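Under this note's numbering, the first residue of the sequence shown is numbered 249, with each subsequent residue one higher.
Cβ atoms here follow ideal geometry from the backbone N, Cα and C, with glycine treated the same way.
No experiment lies behind these values; they were computed from the predicted model shown.
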Amino acid sequence: MNAPERVPWHEGERALQNLAGVGERMAELGPRVLRDHMPEQHRLFFPQLPFLVAGSIDDRHQPWASVLAAPPGFVHSPDPQHLRVDARPLAGDPLAAALVPGASIGLLGIEPHTRRRNRMNGVIDVVDAEGFSVEVRQSFGNCPRYIQAREAVFVPCDAAPKVVQLGGRLDANARRMVTHADTFFIATAYPSVAGSGVDGEPSHGVDVSHRGGRPGFVGLSGEGTLTVPDFDGNLFFNTLGNIVVHPRAGLLFIDFETGDLLQVAVSAEVIWNGPEVDAFEGARRLLRMQVLAARRMPAALPLRWGRAQMSPHLEATGRWAQAA
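Written out as structure tokens, the structure reads:
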């Protein structure tokens with residue numbers, strides 16, 4: 249008997265693809281764009297990067313988004329099935345506890361000044377004093393839309409940055425980072441995070457992605473309710489599909505001028521349509537999130553970026569003041 253055809257998407261992704269009217273097209277496209285290895289251009293891309301965004305999940309099944317930084321070359325691919333990361337998380341970062349062999353991890357390589365980004369989801373293979381390696385389960389690229397072009401430079405940084413635990417409320421500095429952001433990163437998870445799936449089902453695991461918009465595109469209300477417009481994209485629905493079946497996410501905000509980091513654990517829901525969606529120009533749906541916990545690390549990242557060149561695709565998007 250022939251082996252069953254690999255199912256490229258899990259049920260959450262398929263549900264949203266069908267709602268968007270692209271289910272059949274994505275079923276055909278999926279096996280071509282979701283690879284079980286890294287193509288040569290991805291293997292050459294990752295070593296260029298001075299930072300890498302990682303998505304992990306803790307023992308309570310809460311996703312977290314983190315960042316690793318080191319001189320270019322700290323990420324490299326010894327073969328198409330593996331990615332090696334020669335860096336360790338910052339002290340106290342939830343990623344540190346998640347770095348165990350067999351654990352699922354999502355990785356995003358992004359080069360803002362060229363607007364290139366590639367994603368790799370896999371399973372941790374080896375952990376040692378210098379870093380870790382990941383066995384590839386899914387490798388795919390993303391379009392450059394909504395990436396703000398800015399280039400990073402290294403600066404001296406404290407070895408042990410201060411960590412401000414915020415609990416379920418954002419302080420004034422955290423609120424400023426959220427409401428002034430033009431970029432953030434979001435980690436989500438498919439619920440069964442151990443193992444690779446069976447009978448042709450896609451690998452269970454963790455994913456981390458990029459979101460971009462005009463400065464202030466993340467709305468903040470009340471004690472900690474975040475609302476983000478979801479614009480036209482690749483229609484994979486990796487992030488939103490995960491949230492449909494596991495309504496938690498981890499957010500990472502970076503202050504590109506100071507190197508401050510803000511990690512936020514949230515519960516999340518997708519608002520598919522309605523007057524709130526219609527009111528925000530360019531929005532196809534909304535992502536609404538409630539803060540569960542947050543941690544802020546002043547000047548923790550040894551990178552600073554120059555002035556950003558906003559994505560030209562933002563011209564077709566609105567602002568919260570207009571939506572209100």
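Nearest to residue i by alpha carbon, out of the options?
i	options	result
V426	V492, P349, L509	L509
A408	H561, R417, P320, L338	L338
E359	F299, A335, S387, R536	F299
N490	G522, L468, G303	G303
A335	P311, V323, V512	V323
D317	E563, L549, A556	Looking at the sequence shown, residue 317 is not Asp but Ala. With distances taken between Cα atoms, A317 lies closest to L549.
D455	G498, G269, V348	G498
P477	R567, R398, R363	R567
R364	H290, R532, F484, G472	H290
P256	N521, G269, A556, R273	R273
G467	R424, P495, G554	R424
S314	W520, F501, V525, E563	F501
Q386	A344, V412, Q329	Q329
F597	P439, V384, D503	This structure cannot settle anything about residue 597, because the visible part of the chain is limited to 249 through 572.
Have a look at the DSSP bridge pairing and note the partners of residue i.
i	result
A263	According to DSSP, A263 bridges with nothing at all.
R283	S387
H361	Paired residue(s): none; H361 is not in a bridge.
Q538	T473, S515
A497	V514
W520	Note: W520 sits in no beta bridge, so no partner.
P311	I305
G321	Its beta-bridge partners do not exist; DSSP assigns none.
S352	V371
Q557	A397
M545	L509
R533	D478
L316	L300
Span of the beta strand (DSSP E) holding residue i?
i	result
W553	551-553
E378	No beta strand (DSSP E) holds E378; DSSP gives it neither H nor E.
A435	431-437
Q413	412-415
With a cut-off of 8 angstroms on the beta carbons, I'd call residue i and residue j a contact; round off their distance for me.
i	j	result
A527	A569	Not quite, the Cβ-Cβ distance comes to about 11 angstroms (not below 8 angstroms), so this is no contact.
S515	Q538	5 angstroms
D430	P463	5 angstroms
G271	R262	6 angstroms
With DSSP collapsed to three states, give me the class of residue i.
i	result
A335	coil
P450	Residue confidence for P450 is low, a pLDDT of 46 falling below 50, so the modelled location carries little weight; the figure read from the coordinates is stated next. P450: coil per DSSP, three-state reduction.
F504	coil
N482	coil
V401	strand
I395	coil
Q329	coil
F299	strand
H458	strand
L343	helix
G467	strand
R567	coil
Please list the terminal residues of the continuous alpha helix (DSSP H) segment that includes residue i.
i	result
V426	420-428
H290	288-293
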